[in-house]
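Student:
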Amino acid sequence: MPKTKFQDFIFTLIMVFVMVYAMVVYNIAGDKGGLTLECFRLAVFELPIMIPVGFILEFFIIGNLTKMVVFRHLTPADKPILITFFISGVTVAMMCPVMSAVASVLFKGATLNTFFTTWIGLTAHNLPMAFFWQFMYAGPFVRFVFKRICLPIMSLGKNSEAEVAA
Numbered sequence: 034m035p036k037t038k039f040q041d042f043i044f045t046l047i048m049v050f051v052m053v054y055a056m057v058v059y060n061i062a063g064d065k066g067g068l069t070l071e072c073f074r075l076a077v078f079e080l081p082i083m084i085p086v087g088f089i090l091e092f093f094i095i096g097n098l099t100k101m102v103v104f105r106h107l108t109p110a111d112k113p114i115l116i117t118f119f120i121s122g123v124t125v126a127m128m129c130p131v132m133s134a135v136a137s138v139l140f141k142g143a144t145l146n147t148f149f150t151t152w153i154g155l156t157a158h159n160l161p162m163a164f165f166w167q168f169m170y171a172g173p174f175v176r177f178v179f180k181r182i183c184l185p186i187m188s189l190g191k192n193s194e195a196e197v198a199a
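In the working numbering, each residue's number is its place in the sequence shown (first place is 1) plus 33.
This is the structure we're talking about:
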């Protein structure tokens, strides 16, 4: 969907925010024994750490790896929905274990002796929810926001630049 690096930057920022916030709420709810309004409030305090981590990983590392994997199996000529689903699935499959590793250390208190089991347990807990959330809610929502709000706003600047140049 994003055609330029700037568009990719904006799209990734929105997607990371939506995914990270939901997954942090999910993990806090798991720790608290259920979902409450407090979970949504508490999640806000983890965002300043997890959003930059998620963005840096996705934008600079995982996004490139994802495209390498996807385009080993598909071509740009394949159906766009197939490419979108494949990219979404591979991204979740790569990001979830990495973000779970970060959360294991920062929020679960994993030590050198407990890291592996904490990380595997957290990844197993998070992966089904991350796939479900991405495919059913976050992906469609972010693509809608990006197409209907971000792209039109970005094209406004191009129109006014073209008018000034003429």
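Beta carbons: idealized from backbone N, C-alpha and C, even for Gly.
1) Use the C-beta contact count for residue 144: other C-beta atoms within 10 angstroms, 16 or more gives buried, fewer gives exposed.
2) Have a look at residue 166 and residue 172 and give me their C-alpha separation to the nearest angstrom.
3) Any idea if residue 77 is buried or exposed, counting beta-carbon neighbours within 10 angstroms, 16 or more meaning buried?
4) Is it buried or exposed, residue 146, if we count other Cβ atoms within 10 angstroms and call 16 or more buried?
5) In chain order, what residues of the same chain have a beta carbon less than 7 angstroms from the beta carbon of residue 137, not counting five sequence neighbours either side?
6) Compute the Euclidean distance between the alpha carbons of residue 89 and residue 42, then round it to the nearest angstrom.
7) Since residue 84 contacts residue 50 with CB under 8 angstroms, what's their CB separation in whole angstroms?
8) Quick check: the region 95-110 against the region 56-70, are at least 3 beta-carbon pairs closer than 8 angstroms?
9) Counting along the chain, where does the alpha helix (DSSP H) carrying residue 76 start and finish?
10) For the alpha helix (DSSP H) holding residue 97, just list the boundary residues, first then last.
11) Let me know if residue 44 comes out buried or exposed under the rule of 16 or more other beta-carbons within 10 Å of its beta-carbon.
12) Decide if residue 94 is buried, meaning its Cβ has at least 16 other Cβ atoms within 10 Å, or exposed.
13) Give me the Cα-Cα distance between residue 39 and residue 139, rounded to the nearest whole angstrom.
14) Flag this pair as yes or no: are the beta carbons of residue 119 and residue 107 separated by less than 8 angstroms?
15) Rounded to the nearest angstrom, what separates residue 201 and residue 111 at their Cα positions?
16) Does the distance from the CB of residue 59 to the CB of residue 162 come in under 8 angstroms?
17) Give the range of the alpha helix (DSSP H) segment to which residue 168 is assigned.
Tutor: So, from the data block:
1) By the 10 Å Cβ count, residue 144 comes out exposed.
2) One alpha carbon belongs to residue 166, the other to residue 172, and they sit about 8 angstroms apart.
3) Around the CB of residue 77, fewer than 16 other CB atoms lie within 10 Å, so the residue is classed as exposed.
4) Counting the other Cβ atoms within 10 Å of the Cβ of residue 146 gives fewer than 16, which makes it exposed.
5) For residue 137, same chain residues with a beta-carbon under 7 angstroms away, outside a window of 5 residues either side, are 143, 148, 151, 152, 155 in chain order.
6) So the two alpha carbons sit approximately 10 angstroms from each other.
7) At roughly 6 angstroms, the Cβ-Cβ gap stays under 8 angstroms, so residue 84 and residue 50 are in contact.
8) Between the region 56-70 and the region 95-110 there are fewer than three C-beta pairs closer than 8 angstroms, too few to call the two in contact.
9) Residues 70-90.
10) Its alpha helix (DSSP H) spans residues 96-106.
11) Here residue 44 is buried, its C-beta having at least 16 other C-beta atoms within 10 Å.
12) With fewer than 16 Cβ atoms within 10 Å of its Cβ, residue 94 is classed as exposed.
13) So the two alpha carbons sit approximately 30 angstroms from each other.
14) Taking 8 angstroms as the Cβ cut-off, residue 119 and residue 107 qualify as a contacting pair.
15) The chain is shown from 34 up to 199; residue 201 falls before or after that span and cannot be answered.
16) In contact: residue 59 and residue 162 (Cβ atoms closer than 8 angstroms).
17) No alpha helix (DSSP H) holds residue 168; DSSP gives it neither H nor E.
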